[in-house]
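Enquirer: Read top to bottom, the protein sequences are chains U and Y. Numbers given in the working numbering equal positions in the first sequence, counted from 1, plus 122. Numbers given in the working numbering equal positions in the second sequence, counted from 1, plus 6. Cβ atoms here follow ideal geometry from the backbone N, Cα and C, with glycine treated the same way. Quick caveat, the model's predicted, so the values are computed rather than measured. I'd like to ask some things about the structure below.
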Amino acid sequence: MGDAVKKGFMNIGKSVTKIDSLSLAAGDAVFTDDVHVKNPLYVAMLYSPHAHALIKNIDTSAAEEMDGVVDVLSNKNVPRILHTTAGQGFPEPSPYDTVLFDRRVRFVGDRVALVAAEDERIAVAAVQKIEIEYTVLEPLFDIEGAFNKDAPKVHVDDEYAKIPVTYKPENNLAAEIKIDFGDVERGFHESDFVEEHTYNTHYASHCAIEPHAVLAYFDEMGRLVIVSTTQVPFHARRIVSAVCGIPVRMIRVIKPRIGGGFGGKQEVILEPLAALIAWRNRRSVRIVLSRREVFVSGRTRHAMRIRLKTGVKNDGSITTLDMDGLLNAGAYGTHALTVLSNVGSKTLPMFNKVQNLRFHGRSAYTNLPIGGAYRGYGATQGCFAFNQQVDIITRRTGLDVLEYIKKWHIQSGETSKVFEALGEGKEGVSQTIKSCRLDECIDRGADEIGWYKKRGKRIQSGPDLVRGVGVAVCMQGSGIPRIDMGSASMKMNEDGSFNLFIGATDIGTGSDTILAQIAAEVLQVPTQNIIVLSSDTDLTPFDTGAYASSTTYISGKAVESCAREIARQITGRAAMLLETNEDRIFFREAAAVDEKTGKTVSFEEICLHSLYQDEQFQIQAQASAVVDESPPPFIAQFAEVEVDNKTGRIGVVEFVSAVDCGQQINPLLVEGQVEGAAVNGMSFALCEEYLFDSKGRMTNPRFWDYKIYNAGDIPVMKTIVVNSYEETGPFGAKSVGEIAINGPAPAIANAVFDALGVRMFNLPMTPERVWMRMKEEGVI
Amino acid sequence: MEGSFSINGEEVTVSFRPDDTLLAVLRKYGFTEVKEGCREGECGSCVVLLDGMLVNSCQVFAASVRDKKITTVKGLGTMHEPHPIQTAFVEVGAVQCGFCTPGMICAAYALLEKNPDPDETEIRQALDGNLCRCTGYVKIIEAVRLAARRMRENG
């Protein structure tokens with residue numbers, strides 16, 4: 123077809139309106155719990171009040187006798203099938219340590235039983251009539267002591283790892299990773315000074331405003347339809363099948379509109395329960411979690427302790443870098459290995475010139491809520507430590523932190539051994555960076571915030587208010603190379619429009635729109651000519667789902683190659699109609715043009731001809747994409763803070779994000795991803811906090827007490843997207859979904875130091891914590 | 007018990023229990039554009055206009071507001087005839103997952119009814135009872151500013 127697509131983008135790089143946004147704004151868009159299901163069973167759950175206990179006996183008879191109660195599930199009547207809720211590819215890198223209802227409870231909020239009833243009130247009342255006899259065991263809350271011989275053991279039964287990885291539940295070790303390059307000890311020996319610091323990041327909830335929900339019902343053929351707030355419909359189908367013993371062919375999973383995910387809805391928690399109740403009772407089922415349940419029994423960001431030890435020469439050269447990470451997996455090991463791996467793999471390649479490098483990471487089981495996937499996925503934890511360490515080193519050596527980062531960070535044409543060493547439960551994939559415009563991100567971000575006018579100036583902005591600025595740089599990935607797969611199929615309609623079927627899962631990010639733009643660009647039609655149907659395991663081809671910043675890059679490549687095959691078929695028909703050679707055809711505005719004669723034939727005519735006239739066939743195609751690398755987007759984020767030096771209250775005055783995500787597919791959606799992630803990151807850094815009592819109970823599982831940012835809290839926000847192009851990406855694109863959540867905490871912490879000279883090693887930076895640190899440092 | 011409401015201009019008579027919330031009743035009878043995010047009056051996904059006043063419908067007993075006028079986001083505009091606030095949300099990219107959007111738009115409407123020319127602080131205050139986890143609020147604030155301008159210009 124020659125170079126059918128002329129240069130100069132028609133759809134790419136344009137802020138095409140997000141295709142579902144009007145429907146959402148008008149209130150027509152359908153979310154899981156908006157789907158009408160006739161007479162569903164309602165479900166209420168019983169959770170453990172103990173952090174660690176054995177269930178001696180369960181008496182469900184009083185609940186079962188209640189009018190309107192249809193089914194009661196517990197370990198008495200549900201087979202014990204080990205699995206992981208992680209919602210990852212198969213075989214999963216997370217341990218198989220979970221069953222639907224176990225004999226042992228491992229945290230306050232662990233599921234013990236459930237009641238399915240004719241209405242919600244009955245279910246709630248009945249669940250309280252279930253009587254459980256527990257043998258209470260000593261709980262394990264302290265991650266530092268988790269590996270001690272006499273520490274309580276969280277998993278002592280038949281839990282196992284599905285793939286060959288280090289997994290020692292008998293030691294509470296949910297995962298372990300070790301990499302070692304060069305000679306770390308010699309590096310310390312050669313250094314002029316050593317900086318060793320310990321950083322702690324905390325638990326956090328995703329707080330998608332829509333709580334987890336699932337419906338299950340039977341279609342007219344007796345197949346089970348599961349409508350779910352899932353980020354991973356295909357994984358959900360596979361896991362439901364395995365856990366419930368229902369054949370895959372009998373299950374259809376549909377993801378309708380979804381009210382935010384952020385990783386929390388990658389977990390396949392509710393689908394097996396709904397499927398099981400439906401299957402046992404031949405009834406429709408509805409499960410919607412309360413906000414409390416999402417906080418306590420959903421998933422969280424893994425809390426972490428990271429110790430960073432760097433050997434440094436007086437000129438600032440890092441002779442050795444030693445990172446020791448201890449991740450609090452909570453009660454189950456979902457994502458405990460891969461988040462841990464990402465702590466290293468998304469931070470250590472940043473300074474790829476460091477020759478001596480060690481990363482030792484361990485994930486510990488505890489009797490606390492369950493960690494899991496959360497936007498940023500370990501990079502958030504790692505960046506908090508790494509960027510403060512860089513700030514500390516440059517302050518001690520008197521170097522300009524921006525110039526220092528520019529000198530040391532990975533550049534286009536360079537690689538890092540870490541890429542090859544750290545993968546997703548196995549070794550990673552070696553890659554050379556092909557696009558990195560981080561220098562420009564740093565320069566433009568610094569200009570925007572007025573860095574050199576503010577840094578180190580401690581500007582007084584009120585009687586007790588002092589200002590400071592801080593910076594953080596981060597990288598993420600674009601999907602999981604040689605593991606994640608996306609696919610697409612397309613067909614042409616007689617008005618020159620196209621149906622695009624994708625397994626990719628739009629969780630509010632706008633990926634349906636992005637993927638339509640990619641298809642439209644290949645075919646040189648307006649984006650509105652692409653009709654998207656996504657995330658239905660019956661109708662759309664496979665996709666691993668919405669995680670690991672993979673959709674634009676991997677699913678996008680599948681869509682691009684699918685559309686190219688459609689273009690090939692259109693070109694063939696056009697050549698036939700224009701009586702010319704295929705290599706003389708190019709596309710312009712939904713028509714094929716003979717570049718010699720200038721004669722055109724519209725897509726409408728082409729499709730009509732191919733469907734009705736001669737040598738008929740349906741112009742249609744399908745394609746899959748697996749990638750060999752995961753090109754990192756890069757970001758520089760700058761915070762200006764105003765600290766009350768009497769109370770320790772931090773206000774963020776301005777926040778600037780400058781990002782290199784390759785070619786932007788849709789600038790408005792890129793900005794939306796960056797702004798949303800940055801605000802989530804600030805909220806995480808400053809006010810979100812899980813509070814636990816001495817028994818391991820979360821005491822603030824509600825938005826009143828677990829404070830997240832609202833419209834009144836945000837600072838002046840600036841987003842800069844630098845011009846970049848990733849040659850391996852679809853139309854030059856990389857990912858942008860996660861990266862901007864990582865920088866706020868370290869940028870703010872560095873800004874606080876700039877203002878006060880006080881280092882914040884622990885999150886969140888609440889006024890109390892800042893005030894205590896000011897006391898410790900004697901500045902108050 | 008039974009009760010009548012004027013919902014988006016239509017008289018609706020439905021039965022419910024005395025302790026049912028307005029949110030539960032609205033959703034049960036098909037007004038699913040009113041979303042439930044927390045059931046504790048904090049997230050704002052369920053806000054509707056009750057005789058023109060913005061309320062969290064999860065905090066109101068249906069029985070206590072019988073015969074009152076209730077407006078949901080669908081009462082402001084539709085996909086085919088959107089309200090300028092809805093159009094502005096779409097145009098500036100203020101809609102991501104869209105779960106908070108119906109509530110946000112109702113809150114913006116309530117503000118602009120009282121104050122057609124709000125400044126940034128007033129917009130932020132008017133929206134601070136509505137949580138959004140996707141957008142970072144930047145484009146939502148921009149959408150309200152744009153809608154206000156257009157509504158002023160077009161009377």
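Using the beta-carbon count (16 or more within 10 Å), is Y:Asp41 buried or exposed?
Expert: Your numbering for residue 41 of chain Y matches position 35 in the second sequence. Checking the sequence shown, residue 41 of chain Y turns out to be Lys, not Asp. It counts as buried.
Enquirer: According to DSSP, is U:Ser538 helix, strand or coil?
Expert: On the first sequence, residue 538 of chain U is found 416 positions in, with the first residue counted as 1. Three-state result, U:Ser538: coil.
Enquirer: Give me the DSSP bridge partner(s) of U:Glu643.
Expert: Your numbering for residue 643 of chain U matches position 521 in the first sequence. According to DSSP, U:Glu643 bridges with nothing at all.
Enquirer: Within a Cβ cutoff of 6 angstroms, which residues of the same chain sit near U:Glu186, ignoring the five residues on either side of it in sequence?
Expert: Here residue 186 of chain U refers to the residue found at position 64 of the first sequence. Closer than 6 angstroms at Cβ, skipping near neighbours: Val194.
Enquirer: At the level of alpha carbons, what is the spacing between U:Asp437 and Y:Ala153?
Expert: Mapped onto the first sequence, residue 437 of chain U falls at position 315. Mapped onto the second sequence, residue 153 of chain Y falls at position 147. Spanning the two alpha carbons is a distance of roughly 55 angstroms.
Enquirer: Can you give me, in chain order, the residues of the segment 98-109 of chain Y that have a beta carbon less than 7 angstroms from any beta carbon in chain U?
Expert: Gly99, Val101, Gln102, Cys103, Gly104, Phe105, Cys106, Thr107 and Pro108
Enquirer: In chain B, which residues lie with their C-beta within 8 angstroms of the C-beta of U:Ala638?
Expert: Included in the structure are the protein chains U and Y, with no chain B among them.
Enquirer: Just the C-alpha distance for U:Pro369 and U:Thr207, rounded to the nearest angstrom, thanks.
Expert: Walking along the first sequence from the start, residue 369 of chain U turns up at place 247. Walking along the first sequence from the start, residue 207 of chain U turns up at place 85. The C-alpha of U:Thr207 is placed about 19 angstroms away from the C-alpha of U:Pro369.
Enquirer: Under the DSSP definition of a beta bridge, which residues are partnered with Y:Ile129?
Expert: Numbered from 1 along the second sequence, position 123 holds the residue referred to as residue 129 of chain Y. For Y:Ile129, which the question treats as bridged, DSSP gives no partner whatsoever.
Enquirer: Determine the burial state of U:Gly367: buried for a count of at least 16 other Cβ atoms within 10 Å of its Cβ, exposed for fewer.
Expert: Against the first sequence, residue 367 of chain U aligns to sequence position 245. Around the beta-carbon of U:Gly367, fewer than 16 other beta-carbon atoms lie within 10 Å, marking it exposed.
Enquirer: Cα separation between U:Thr257 and U:His174?
Expert: Locating residue 257 of chain U in the first sequence gives position 135, where the first residue counts as 1. Locating residue 174 of chain U in the first sequence gives position 52, where the first residue counts as 1. Cα-Cα distance, rounded: 9 angstroms.
Enquirer: Quick check on Y:Lys34 - is its C-beta less than 8 angstroms from some C-beta in chain U?
Expert: Mapped onto the second sequence, residue 34 of chain Y falls at position 28. Chain U, which has no Cβ nearer than 8 angstroms to the Cβ of Y:Lys34, makes this no.
Enquirer: Please tell me whether Y:Asp134 has its Cβ less than 8 angstroms away from any Cβ of chain U.
Expert: What you label residue 134 of chain Y is simply residue 128 of the second sequence in a count that begins at 1. With 8 angstroms as the cut-off, Y:Asp134 counts as an interface residue toward chain U.
Enquirer: Where U:Ala747 and U:Gly211 are concerned, what is the direct C-alpha to C-alpha distance, given to the nearest angstrom?
Expert: In the first sequence, residue 747 of chain U corresponds to position 625, counting from 1. In the first sequence, residue 211 of chain U corresponds to position 89, counting from 1. Near 15 angstroms, if we compare the C-alpha coordinates of U:Gly211 and U:Ala747.
Enquirer: Spell out a yes or no on whether the segment 413-422 of chain U and the segment 320-328 of chain U are touching, meaning 3 or more CB-CB pairs, one atom from each, closer than 8 angstroms.
Expert: With a cut-off of 8 angstroms, the segment 320-328 of chain U and the segment 413-422 of chain U count as touching, because enough Cβ pairs lie within range.
Enquirer: Could you check the C-alpha separation between Y:Gln131 and U:Gly859 for me, to the nearest Å?
Expert: Numbered from 1 along the second sequence, position 125 holds the residue referred to as residue 131 of chain Y. Numbered from 1 along the first sequence, position 737 holds the residue referred to as residue 859 of chain U. C-alpha of Y:Gln131 to C-alpha of U:Gly859: approximately 28 angstroms in a straight line.
Enquirer: Under 9 angstroms Cβ-Cβ, which residues of chain U neighbour Y:Gln65?
Expert: Residue 65 of chain Y sits at position 59 when you count from the first residue of the second sequence. Simply none; closest approach about 12 angstroms.
Enquirer: Counting only beta-carbon atoms, is Y:Ser51 nearer than 8 angstroms to chain U?
Expert: Here residue 51 of chain Y refers to the residue found at position 45 when the second sequence is read from its first residue. It does; some Cβ of chain U falls within 8 angstroms.
Enquirer: Where does Y:Asn62 land, buried or exposed, given buried means 16+ other C-beta within 10 angstroms?
Expert: Start at 1 with the first residue of the second sequence, and residue 62 of chain Y comes out as number 56. Counting the other Cβ atoms within 10 Å of the Cβ of Y:Asn62 gives 16 or more, which makes it buried.
Enquirer: Looking at the C-beta of U:Glu240, does it have a partner C-beta in chain Y at a distance below 8 angstroms?
Expert: Reading the first sequence from its first residue, position 118 is the one you call residue 240 of chain U. No, because no Cβ of chain Y sits closer than 8 angstroms to the Cβ of U:Glu240.
Enquirer: Taking the runs of the alpha helix (DSSP H) that are 4 residues or longer, which of them lie wholly in the segment 337-417 of chain U?
Expert: 355-366 and 393-403
Enquirer: Can you find a CB in chain Y that lies within less than 8 angstroms of the CB of U:Asn802?
Expert: Locating residue 802 of chain U in the first sequence gives position 680, where the first residue counts as 1. Yes - at least one Cβ of chain Y is within 8 angstroms of the one on U:Asn802.
Enquirer: Using three-state DSSP, classify U:Glu811 as helix, strand or coil.
Expert: As a first step, residue 811 of chain U must be located in the first sequence, where it is residue number 689. Coil at U:Glu811, not helix or strand.
Enquirer: Is Y:Ile76 close to chain U, meaning its C-beta is less than 8 angstroms from at least one C-beta of that chain?
Expert: The residue given as residue 76 of chain Y occupies position 70 in the second sequence. No, Y:Ile76 lies away from the interface with chain U (no Cβ there is under 8 angstroms from its Cβ).
Enquirer: So if I threshold CB-CB distances at 7 angstroms, which residues from the segment 110-125 of chain Y count as touching chain U?
Expert: Ile111
Enquirer: Suppose contacts are defined by Cβ-Cβ distances below 8 angstroms. Is U:Val365 in contact with U:His205 by that definition?
Expert: Your numbering for residue 365 of chain U matches position 243 in the first sequence. Your numbering for residue 205 of chain U matches position 83 in the first sequence. A contact, by the Cβ cut-off of 8 angstroms.
Enquirer: Express the C-alpha separation of Y:Ile13 and U:Ala126 in angstroms, rounding to a whole number.
Expert: Taking the first sequence and counting its residues from 1, the one referred to as residue 126 of chain U is at position 4. Taking the second sequence and counting its residues from 1, the one referred to as residue 13 of chain Y is at position 7. Summary for U:Ala126: the model assigns pLDDT 38, below 50, so the residue's position carries little reliability; its value from the coordinates is reported in the next sentence. One C-alpha to the other measures close to 54 angstroms.
Enquirer: Quick check: what's the CA-CA separation for U:Glu643 versus U:Ile863?
Expert: The sequence position of residue 643 of chain U within the first sequence is 521, counting from 1. The sequence position of residue 863 of chain U within the first sequence is 741, counting from 1. So the two alpha carbons sit approximately 30 angstroms from each other.
Enquirer: Quickly, what does DSSP pair U:Met612 with across the bridge? List them, please.
Expert: Within the first sequence, residue 612 of chain U is the residue found at index 490, counting from 1. In DSSP, U:Met612 forms a bridge with U:Leu622 and U:Ala743.
Enquirer: In chain order, what residues of the same chain lie with their CB nearer than 6 angstroms to the CB of U:Val595, ignoring the 5 residues before and after it?
Expert: By one-based count along the first sequence, residue 595 of chain U stands at place 473. Cβ within range, chain order: Ile527 and Ala758.
Enquirer: Hey, U:Gly630 and Y:Cys140 are a contact pair by Cβ (cut 8 angstroms); roughly how many whole angstroms apart?
Expert: In the first sequence, the residue the question calls residue 630 of chain U occupies position 508. In the second sequence, the residue the question calls residue 140 of chain Y occupies position 134. Confirmed, Cβ separation roughly 5 angstroms.
Enquirer: Here's the rule I'm using: 16 or more other beta-carbon atoms within 10 Å means buried, otherwise exposed. How should U:Glu810 be labelled?
Expert: Here residue 810 of chain U refers to the residue found at position 688 when the first sequence is read from its first residue. Answer is buried; the Cβ neighbour count reaches 16.
Enquirer: Since U:Gly466 and U:Gly494 should fall inside the 8 angstroms C-beta cutoff, what is the C-beta to C-beta distance between them, to a whole number of angstroms?
Expert: Counting from one through the first sequence, the residue named residue 466 of chain U turns up at place 344. Counting from one through the first sequence, the residue named residue 494 of chain U turns up at place 372. About 19 angstroms; that fails the 8 angstroms criterion.
Enquirer: Chain U beta carbons: is any one of them nearer than 8 angstroms to that of Y:Val96?
Expert: For the purposes of this step, residue 96 of chain Y is taken as the residue at position 90 of the second sequence. With 8 angstroms as the cut-off, Y:Val96 counts as an interface residue toward chain U.
Enquirer: Nearest chain U C-beta to Y:Gly9 closer than 8 angstroms, yes or no?
Expert: Here the question's residue 9 of chain Y lines up with position 3 in the second sequence. Not an interface residue.
Enquirer: I need the straight-line Cα distance from U:Ala833 to U:Val221, nearest angstrom please.
Expert: Taking the first residue of the first sequence as 1, we reach residue 833 of chain U at position 711. Taking the first residue of the first sequence as 1, we reach residue 221 of chain U at position 99. C-alpha separation (whole angstroms): 40 angstroms.
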